[in-house]
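Take a look at the structure below.
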Amino acid sequence: MSEQARQNSQVDVDLMVAEVESGARTAAGFAGKFILALAFVWSLFQLYIASNIPFILTENLGVNLVFNNQEAREIHLAFALVLAMLAYPLFKKSSRHHVPAYDWVLAIIGAASCLYLLYFKNDIADRAGLPTTADLVFSTLGMLSLGIAVFRALGLPLVIVASVFVFYVFFGHLSFMPEAIQWKGASFGKAMWHFWMQTEGVFGVALGVSASMIFLFVLFGSLLEKAGAGNYFIKLAFALLGHLRGGPAKAAVVASALSGLYSGSSIANVVTTGTFTIPLMKRTGFKPEKAGAVEVASSTNGQLTPPVMGAAAFLISEFTGVAYPVLIKHAFLPALISYIALVYIVHLEALKLGLTGLQKPPATMTLARKLAGVLLGFILMAVLASAVYYGLGWIKVAFPDMTFATASLLFLVAYLVLLMVAARHPDLEMDDPNAPMDVLPRAWDVAVTGFYYLLPIVILIWCILIERLSPTLSAYWATVAMILIVLTQRPLKAFFRKGGSMTAAFAEGWRDFIDGMIAGARNMIAIGVATGAAGVIVGTVSLTGLHQVVGEFVEYLSGGNLMAMLLLVAVMSLVLGMGLPTTANYIVVSSLMAPVIVSVGAQSGLIVPLVAVHLFVFYFGILADDTPPVGLAAFAAAAISKGDPIKTGIQGFTYDIRTALLPFLFIFNTELLLIDVGPFKAVFIFVVAVIAMMLFAAATQGYFLAKSRIWESAALLLVAFTLFRPGFWLDYVQPPFKDIPGTEIAQLAEKEPDGGTLRVVMRGPDYKNPDQIDYLTVLLPLGEKADGVSRLEKIGVIVNDVDGKAVLDEPFPGKWLDLKTNGQFDYYADAPVEIEKVEIDATRVAKEIFYIPAILLLGLIVFLQRRRATVPAF
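Heads up: the sequence shown at position 598 corresponds to 597 in numbering that gives the first Met the number 0, and the numbers run straight through without jumps.
Rendered as structure tokens:
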């Protein structure tokens, strides 16, 4: 490829990313400067409201400069709407180089619609649901402005989806609507008040999470990228893995995983790492489509990687009530397993193609020294992990009054030391991916130049996991640390090297800081308006009760079968995800389907944790980024590889089948989410799951130690399934529970320890159809130890023994049982609502016994394939 062609390709890719991520318009003159200045001010505002500065200023100046959550959401959306109108052209033929007058008008209207709520907040509160004409005018203008902004930043699909929900609010009561989904309808005033004037619609939870948490994490990632961390992670991955079979592809996977630590966008991830990795993969023997597909699969999976998880981690935490650190724990293992399996898929592709790795640098160490180095590396990692966890934790004990000051001092000392070491080595240059790479750089020579990039990530993890600060405050301090690094790394390196202009170095650092702040804000435009539009959908659900209707419809289609319902939800997520960003897709599907999956699971006797259902929806929303025919990540990769985008997307999706398998597995085996799992068992689960996922990957790729025969692939699938879910086979041999009559529930409740639970099966007439008998399996939380009757009554379970049946009284409103059953049963029908049985764990053999036949079958396959293998497996 000529240099001119490479540059043209890069321009096309950058334009694609700009159109999707940050706005395609690069206006000159006043308009261009205004857009950049407004983006910079937006980032400053978000840092301001996340800090203690508003409280300090208010206390010292006597003027209230603190913004509450609702006010922050209104200002946040005002910034997003104005920048969407100015940075994104309205039509494809609209100018990319200047801002038309109508865009200025739309920007002013959008900002005014949001700031109206801020300026008249006291009057609006006094009106309490009785809107004035001005309220209705500004609400209408606000909704229209949001629709236009969404169309500019995200295209027509999300506008259509949101419009369908709004249409249902106004016309859902008319006769042409199917009777199954009709509702009483809403007046214009009631709907506009619900959507715009309060926190049930646009300014709801989704926008609140965007304003308080997502922005700071996106800004943190932008500053990290501007500081040079992206190039550092790519080169480090190549130095470590480039010499292996298919090394560039494996390095692409690892680099994307590292980028996923701070990036929330699969498309930006493709371009950041793919610009370098895809040409190198092609040079080592990968076809264009496969090179692009490896990058697509690894980049989309980057959104699975905690702590950011495509900006949806905070929404999942908010919607499920699971603490953010706990959510990270739940999401960590599946993400790690998925990436290890992708590296293995790349390895299998390299074996099939007979590829070799890039040349390693000349060896200067003996084998003994290499082994000693590996051992030293493990020791240093263990020491570092212990220092972070126990050392920083010790500061809280040793210096309780100066924890923050001491930690800051340690950070500064570590930063100066690591920067001094890095200054002794030349800075990493951005290489031309099309230039020949004869010898890989030494891993240590690369690593030592950027160890200090890890410090803000350490601060982020420390704040979340050790200090137990909120995600917002944790991201704030990590961002402050990152700003310090961006501003000072160049001047300090010049000082340590005793060469170069300090003034020029300061100017470069200041330029990097401004660029990072602007990039962070521009990357947030689409997320800001998307969460606002998602609020319209959530608002419709809360106003109309639509989730119950849709839930009943999907339950009808699935016939009440949980697996069939999960497949329907997966397809729904993939279809919606073709046109919606991951965050909006997650909000739509989870708000409609998550309660239904939990309910159907309970009726089937499977108690599904809510967080597992939300992660299920989230995973399939991510997979839509490489699903043809729309997958934007595949188009971005194809623009770099010069391959066919549809074939790239199809190949990428085949690589991602392993990711599609994981959500089904952790629905039925919540141990994969580390729910109620100790540290030793967690390690065991991880090892077994990795082996199982690698076998699944080998089966789907048709290659293990040699090309697999059909029966061998089927056998590998069987082994993988058995390793993942051995309890499935055990349930056929021995029942998992022993059934106790419901009349004995009080005696059983009395025996349970503090915080114990009882698994009970309820049955009774359906509230909407008394002739239908529903079943529901629930875990009763019993609280502190006491007599059984008292423990049950505290949660609303009042049992009467009637003719040998444990008949339930209707629980009082607000009690646990009332909230849990959510009006499912009719307590006044002819048939009673009763506890049919209490299920206690049966004494069974360990489910891991089924690993033995699985391993024997695997051994047979290994024996047969080794005889046919022509290339060493590793």
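For every residue, glycine included, the Cβ atom is placed at its ideal position computed from N, Cα and C.
Quick check on DSSP: helix, strand or coil for residue i?
{"i": "Val760", "result": "strand"}
{"i": "Ala673", "result": "It should be noted that the sequence gives Leu, not Ala, for residue 673. Three-state DSSP puts Leu673 in coil, outside helix and strand."}
{"i": "Thr776", "result": "strand"}
{"i": "Tyr87", "result": "coil"}
{"i": "Gly372", "result": "At Gly372, the pLDDT of 47 sits below 50, so the modelled position is not reliable; the number obtained from the coordinates is stated separately. DSSP places Gly372 in helix when its eight states are reduced to three."}
{"i": "Phe703", "result": "coil"}
{"i": "Phe202", "result": "coil"}
{"i": "Lys289", "result": "helix"}
{"i": "Val900", "result": "Because the chain here runs from 0 to 873, residue 900 falls outside it and cannot be looked at."}
{"i": "Phe66", "result": "coil"}
{"i": "Phe29", "result": "helix"}
{"i": "Asp514", "result": "helix"}
{"i": "Phe824", "result": "strand"}
{"i": "Asp765", "result": "strand"}
{"i": "Gly755", "result": "coil"}
{"i": "Met364", "result": "Note on Met364: pLDDT 47, under 50, position unreliable in the model; the coordinate value appears next. Coil at Met364, not helix or strand."}
{"i": "Val607", "result": "coil"}
{"i": "Gln181", "result": "coil"}
{"i": "Thr502", "result": "helix"}
{"i": "Asn51", "result": "coil"}
{"i": "Gly544", "result": "coil"}
{"i": "Gly188", "result": "helix"}
{"i": "Ala841", "result": "coil"}
{"i": "Ala785", "result": "coil"}
{"i": "Gly229", "result": "helix"}
For residue i, which residues in the same chain have their Cβ closer than 7 Å to its Cβ, ignoring the five residues on either side in sequence?
{"i": "Asp643", "result": "Glu288 and Ala637"}
{"i": "Leu781", "result": "Ala748, Glu751, Gly755, Thr756, Leu757 and Arg790"}
{"i": "Glu783", "result": "Asp753"}
{"i": "Ser1", "result": "A caution first: Ser1 carries a pLDDT of 38, below 50, which makes its placement in the model unreliable, though a value can still be read off. Around Ser1: no qualifying Cβ."}
{"i": "Tyr115", "result": "Phe137"}
{"i": "Gly651", "result": "Ala292, Val295, Ala296, Asp625 and Ala633"}
{"i": "Pro734", "result": "Ala841"}
{"i": "Thr487", "result": "Gly508"}
Among the options, which has the Cα closest to the Cα of residue i?
{"i": "Lys492", "options": "Val479, Ala480, Glu507 and Thr478", "result": "Glu507"}
{"i": "Leu332", "options": "Ala688, Lys120 and Leu716", "result": "Ala688"}
{"i": "Gly515", "options": "Val485, Ser640, Pro324 and Ile536", "result": "Val485"}
{"i": "Ala532", "options": "Phe685, Met142, Ala30 and Thr304", "result": "Met142"}
{"i": "Leu155", "options": "Lys91, Gly291, Pro735 and Leu717", "result": "Lys91"}
{"i": "Pro440", "options": "Tyr452, Pro425 and Leu453", "result": "Pro425"}
{"i": "Thr669", "options": "His329, Ser50 and Ile794", "result": "His329"}
{"i": "Ile482", "options": "Lys281, Val801, Lys225 and Glu833", "result": "Lys225"}
{"i": "Asn300", "options": "Ala322, Leu341 and Pro278", "result": "Leu341"}
{"i": "Val104", "options": "Phe811, Cys113, Arg95 and Val81", "result": "Val81"}
{"i": "Thr319", "options": "Ala785, Leu614, Pro831 and Ala714", "result": "Leu614"}
{"i": "Phe736", "options": "Leu279, Val837 and Phe170", "result": "Val837"}
Identify the residues that DSSP records as bridge partners of residue i: which are they?
{"i": "Leu807", "result": "Val798"}
{"i": "Pro740", "result": "Lys836"}
{"i": "Phe615", "result": "According to DSSP, Phe615 bridges with nothing at all."}
Would you report the Cα separation of residue i and residue j, rounded to the nearest angstrom?
{"i": "Leu409", "j": "Tyr475", "result": "18 Å"}
{"i": "Thr405", "j": "Leu417", "result": "18 Å"}
{"i": "Val682", "j": "Tyr585", "result": "30 Å"}
{"i": "Thr276", "j": "Ala248", "result": "7 Å"}
{"i": "Tyr654", "j": "Gly858", "result": "25 Å"}
{"i": "Ser712", "j": "Ala868", "result": "16 Å"}
{"i": "Gly895", "j": "Gly229", "result": "Shown here, the chain extends from 0 to 873; a query on residue 895 therefore has no answer."}
{"i": "Gly372", "j": "Leu223", "result": "Confidence in Gly372 is poor, its pLDDT being 47 and thus under 50, which makes the residue's placement unreliable; the coordinate value appears in the next sentence. One C-alpha to the other measures close to 29 Å."}
{"i": "Glu199", "j": "Asn768", "result": "31 Å"}
{"i": "Ile656", "j": "Thr699", "result": "8 Å"}
{"i": "Ala77", "j": "Ile794", "result": "44 Å"}
{"i": "His242", "j": "Ala86", "result": "43 Å"}
{"i": "Leu556", "j": "Leu660", "result": "22 Å"}
For residue i, which residues of its own chain have a beta-carbon under 6 Å away from its beta-carbon, when the five flanking residues on both sides are left out?
{"i": "Val718", "result": "Leu694, Ala853, Leu856 and Leu857"}
{"i": "Val445", "result": "Lys234, Leu235 and Ala238"}
{"i": "Ile107", "result": "none"}
{"i": "Gln771", "result": "Asp765"}
For residue i, which residues of its own chain have a beta-carbon under 8 Å away from its beta-carbon, when the five flanking residues on both sides are left out?
{"i": "Ala322", "result": "Ser316"}
{"i": "Ala442", "result": "Leu235, Ala238 and Leu239"}
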